[in-house]
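Colleague: One structure follows; several queries about it will come next.
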Amino acid sequence: MSRYWKPAFCSLDPQVDRDHRTLFRLLDRVATLRRESDLEDLNALLDRLLDHTFEHFAREERAMRRLNYPQCFHHSQEHLAMRKALIESLRRVVKGSLALPAFIRHLRESFTYHFETDDMTFVTWLTNHRGQAVEPSSRPSAGQ
4 MSRYWKPAFC SLDPQVDRDH RTLFRLLDRV ATLRRESDLE DLNALLDRLL DHTFEHFARE
64 ERAMRRLNYP QCFHHSQEHL AMRKALIESL RRVVKGSLAL PAFIRHLRES FTYHFETDDM
124 TFVTWLTNHR GQAVEPSSRP SAGQ
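Residue numbers for the sequence shown follow the numbering used here, so the first one is 4 and each next one is one higher.
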């Protein structure tokens, strides 16, 4: 499991690649904030991470639908599960039942696993279907 962005992770979509690189940077920054005295900085950073993550998921799902990716529904369900798990983990941190370092480790592992499995499955599909994935708006209508 990689901690760092690698050129092999390129998705063929510049916006998705920017999103993923930003996510790696945010996760690296979160990993440096482990002390209770870092809590204010951590809260602001977690807000950015949540916003970025949820916006990225939405952009990625729109692209998958636009390209008629056959696993789009499954991928969207994975995003939903990750959102729910992230929010539940944050609740546990606030309650004190999950230590901050454990939360950060779990967060990094979850995102990295998703990226290296589901996201790379999409990249592989996209690479193999380059030129075949037709956007719905560019398809001829039934009367043409």
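No residue lacks a Cβ here, since even glycine has one placed at the ideal position from N, Cα and C.
Note that the coordinates shown come from a computational prediction; the quantities given were computed from them, not determined experimentally.
#1: Can you tell me whether DSSP reads Ser14 as helix, strand or coil?
#2: Can you check the region 79-118 for any alpha helix (DSSP H) of at least 4 residues that lies completely inside it and give the ranges in chain order?
#3: Could you compute how far the alpha carbon of Phe125 sits from the alpha carbon of Asp50?
#4: Exposed or buried, which one is Glu63 when buried takes at least 16 other CB atoms within 10 Å?
#5: Specify the secondary structure class of Leu49 as computed by DSSP and reduced to three states.
#6: Do three or more CB pairs link the region 12-20 to the region 97-109 at distances below 8 Å?
#7: Would you please state the rounded distance, in angstroms, between the beta carbons of Phe60 and His82? I believe it to be under 8 Å.
#8: Can you find the residues in the same chain that come closer than 7 Å, C-beta to C-beta, to Gln18, ignoring five residues on each side of it along the sequence?
#9: Among Tyr116, Phe114, Asn131, Asn46, whose alpha-carbon lies nearest the alpha-carbon of Leu93?
#10: Relative to the C-alpha of Arg111, which candidate in Met85, Cys75, Ser79, Arg69 has its C-alpha closest?
#11: For the alpha helix (DSSP H) that contains Thr124, what are its first and last residues?
#12: Would you mind sorting Ile90 into buried or exposed? The rule is 16 or more other CB atoms within 10 Å of its CB.
Modeller: Answer, in terms of the structure:
#1: coil
#2: 103-117
#3: 27 Å
#4: buried
#5: helix
#6: no
#7: 4 Å
#8: Arg62
#9: Asn46
#10: Met85
#11: 123-131
#12: exposed
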